[in-house]
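So the sequence shown is numbered by my numbering: it starts at 235 and just counts up by one.
Even for Gly, the Cβ is constructed at its ideal location relative to N, Cα and C.
Keep in mind it's a predicted model, so treat the numbers as computed, not measured.
Below is one structure, written out as structure tokens; comments come after it.
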Amino acid sequence: MSASLDQIATLVLPRESGDTLAEGARVLGLTDIMTLSPGRAIEGSTTAHDSADARAILASARLTGDVCVQPAGDRRRQLLVCDMDSTLIGQECIDELADFAGVKGHVSEITERAMRGEIDFEGALEDRVALLKDLPVSVLQHCFDERIRLNPGARALARTMSRHGANTLIVSGGFTFFTQRVANSCGFAAHQANRLIEADGKLTGRVGYPILGREAKRDALLAACEGQPERALAIGDGANDLAMIDIAGLGLAYYAKPAVAAAAHSAITCTDLRTALYFQGYSDAEIVDD
Numbered sequence: 235m236s237a238s239l240d241q242i243a244t245l246v247l248p249r250e251s252g253d254t255l256a257e258g259a260r261v262l263g264l265t266d267i268m269t270l271s272p273g274r275a276i277e278g279s280t281t282a283h284d285s286a287d288a289r290a291i292l293a294s295a296r297l298t299g300d301v302c303v304q305p306a307g308d309r310r311r312q313l314l315v316c317d318m319d320s321t322l323i324g325q326e327c328i329d330e331l332a333d334f335a336g337v338k339g340h341v342s343e344i345t346e347r348a349m350r351g352e353i354d355f356e357g358a359l360e361d362r363v364a365l366l367k368d369l370p371v372s373v374l375q376h377c378f379d380e381r382i383r384l385n386p387g388a389r390a391l392a393r394t395m396s397r398h399g400a401n402t403l404i405v406s407g408g409f410t411f412f413t414q415r416v417a418n419s420c421g422f423a424a425h426q427a428n429r430l431i432e433a434d435g436k437l438t439g440r441v442g443y444p445i446l447g448r449e450a451k452r453d454a455l456l457a458a459c460e461g462q463p464e465r466a467l468a469i470g471d472g473a474n475d476l477a478m479i480d481i482a483g484l485g486l487a488y489y490a491k492p493a494v495a496a497a498a499h500s501a502i503t504c505t506d507l508r509t510a511l512y513f514q515g516y517s518d519a520e521i522v523d524d
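Following this line, the structure appears as structure tokens:
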């Protein structure tokens, strides 16, 4: 049975793509096409059932791009909730701190397992923070300055949605030291994360309680949208993002672990964070550049 034409598909191609939007529109059967970004992003009515169906259609045609299928109508969300590590930034802050402590290999392994949902997030965080004991607090700023880099489109995403009236919030299982700086750099209105405990200029190896994990992220989204999750866009990459992605009006997986990509409404796999704007119907003329 075909889906009705009240579905909108948004197709975004990588910047260096050898494919064309015209070919993508053809295989997706798009009609009433609107260009959002010349050569890069279009949207139109589609008979694809959902985003997974559209991705399968692109894959069968050997076309590379990110696609999102949603009901027609106003798709612009009034709340943006983003994970930080490996979403807004390209790094896992705790792994980079662990490098300064000489234990990056061990910590990175735990991080990967936690993000895949193989082990309990809260316990994994406590174990990793314990390995940072006695690291000078001054290392945190060195780490931020030397290692932490925003992912492409992070500033454009936050600033564009803010300019168009949306509330913007970082909710991270990482640490407030970094979320504060990333929020300021990107233009997010607020941030929530875990707190590293320090004493006498050094980390104690403990994290403040309660630990902000999977359910806390969900609760933060609900509180920020006053119990109306359909108003929210949530973006993340790890298992601890699943609960907020699941309840959001639009939940996006960003270069995510397999379980997260499978559960999200759609996924960004080969483009950048500006794609989350195109998926909401923003055109280049409306986007605040990075």
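Quick check on residue i: does DSSP put it in helix, strand or coil?
{"i": "residue 327", "result": "helix"}
{"i": "residue 337", "result": "coil"}
{"i": "residue 285", "result": "helix"}
{"i": "residue 506", "result": "coil"}
{"i": "residue 268", "result": "strand"}
{"i": "residue 370", "result": "strand"}
{"i": "residue 279", "result": "strand"}
{"i": "residue 310", "result": "coil"}
{"i": "residue 292", "result": "helix"}
{"i": "residue 451", "result": "helix"}
{"i": "residue 485", "result": "strand"}
In angstroms with no decimal places, state the Cα-to-Cα distance between residue i and residue j.
{"i": "residue 449", "j": "residue 458", "result": "14 Å"}
{"i": "residue 255", "j": "residue 297", "result": "10 Å"}
{"i": "residue 314", "j": "residue 497", "result": "19 Å"}
{"i": "residue 266", "j": "residue 275", "result": "14 Å"}
{"i": "residue 442", "j": "residue 310", "result": "35 Å"}
{"i": "residue 236", "j": "residue 295", "result": "Any reading at residue 236 needs caution, since the residue's pLDDT is 39, under 50, leaving its predicted position unreliable; the model's value is listed next. Answer to the nearest angstrom: the Cα atoms are 19 Å apart."}
{"i": "residue 403", "j": "residue 264", "result": "34 Å"}
Give me the DSSP bridge partner(s) of residue i.
{"i": "residue 409", "result": "428"}
{"i": "residue 300", "result": "246"}
{"i": "residue 305", "result": "241"}
{"i": "residue 402", "result": "314"}
{"i": "residue 441", "result": "430"}
Report yes if the CB atom of residue i is closer than 8 Å to the CB atom of residue j, and no otherwise.
{"i": "residue 428", "j": "residue 359", "result": "yes"}
{"i": "residue 366", "j": "residue 437", "result": "yes"}
{"i": "residue 479", "j": "residue 487", "result": "yes"}
{"i": "residue 485", "j": "residue 464", "result": "no"}
{"i": "residue 502", "j": "residue 489", "result": "yes"}
{"i": "residue 524", "j": "residue 390", "result": "yes"}
{"i": "residue 510", "j": "residue 476", "result": "no"}
Taking the beta carbon of residue i as the centre, do at least 16 other beta carbons fall within 10 Å, making it buried, or is it exposed?
{"i": "residue 326", "result": "buried"}
{"i": "residue 425", "result": "buried"}
{"i": "residue 302", "result": "buried"}
{"i": "residue 244", "result": "buried"}
{"i": "residue 460", "result": "exposed"}
{"i": "residue 328", "result": "buried"}
{"i": "residue 258", "result": "buried"}
{"i": "residue 268", "result": "exposed"}
Does residue i have its Cβ less than 8 Å from a Cβ in chain C?
{"i": "residue 427", "result": "Annotation note: the requested chain C is absent from the structure, which comprises a single protein chain."}
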